[in-house]
Amino acid sequence: MLLQVGIVGLGMVVGSAAFAQDWAASCGREPKAPTVNVSNVTNYNSSVEHFTAYDKAARAYYNCVAKISSAKQTAISQKAKADMEPYQKATTQIRARLASNLTKMQTELKAGGKKLGAKPKK
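The sequence shown maps to residues -20 to -1, 1 to 102 in mature numbering (1 follows the signal peptide of the UniProt record, and there is no 0).
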């Protein structure tokens, strides 16, 4: 079984490695998190610089991925809406036809009842 992983925020979740190719060409590779070393002042300062660079790269990468993902989701939603439209149209037409039939029948029954001297039900 293949475990697929992808990005949500900047964390990893199961399920989206299949979509990584969608953004890999535009966004490049996900930046690799640097190792933090606070063993001395020099290493600490270097870690701060690496963190700052990683933060900038991670934000740029995520923004790129989010933009592509949003475009894909919009396209999927538009296709789904188009696929659902005939069903929505059919159910609207059926509802209107049934309501019209019921209204017509009710009107005919009321008129027939009056004609025949029926007393209205309470």
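Where a beta carbon is used, it is the ideal one built from N, C-alpha and C, also for glycine.
DSSP three-state label for residue i, please.
{"i": "Arg75", "result": "helix"}
{"i": "Asn43", "result": "helix"}
{"i": "Val18", "result": "coil"}
{"i": "Gly8", "result": "coil"}
{"i": "Gly(-10)", "result": "At Gly(-10), the pLDDT of 45 sits below 50, so the modelled position is not reliable and the matter cannot be decided from this model."}
{"i": "residue 103", "result": "Residue 103 lies beyond the residue range present for the chain, which begins at -20 and ends at 102; the question has no answer from this structure."}
{"i": "Ala13", "result": "coil"}
Counting C-beta neighbours from all protein chains within 10 Å, is the total for residue i 16 or more, i.e. buried, or is it exposed?
{"i": "Val45", "result": "buried"}
Open item on the list: Using 8 Å as the cut-off, can you tell me whether the segment 70 to 81 makes contact with the segment 43 to 59, which would need three or more C-beta pairs spanning the two stretches below that distance?
Closed with: no
Task: the segment 68 to 75 / the segment 24 to 39 touching (three or more Cβ pairs under 8 Å) - done: Contact annotation: the segment 68 to 75 does not touch the segment 24 to 39, with fewer than three C-beta pairs closer than 8 Å.
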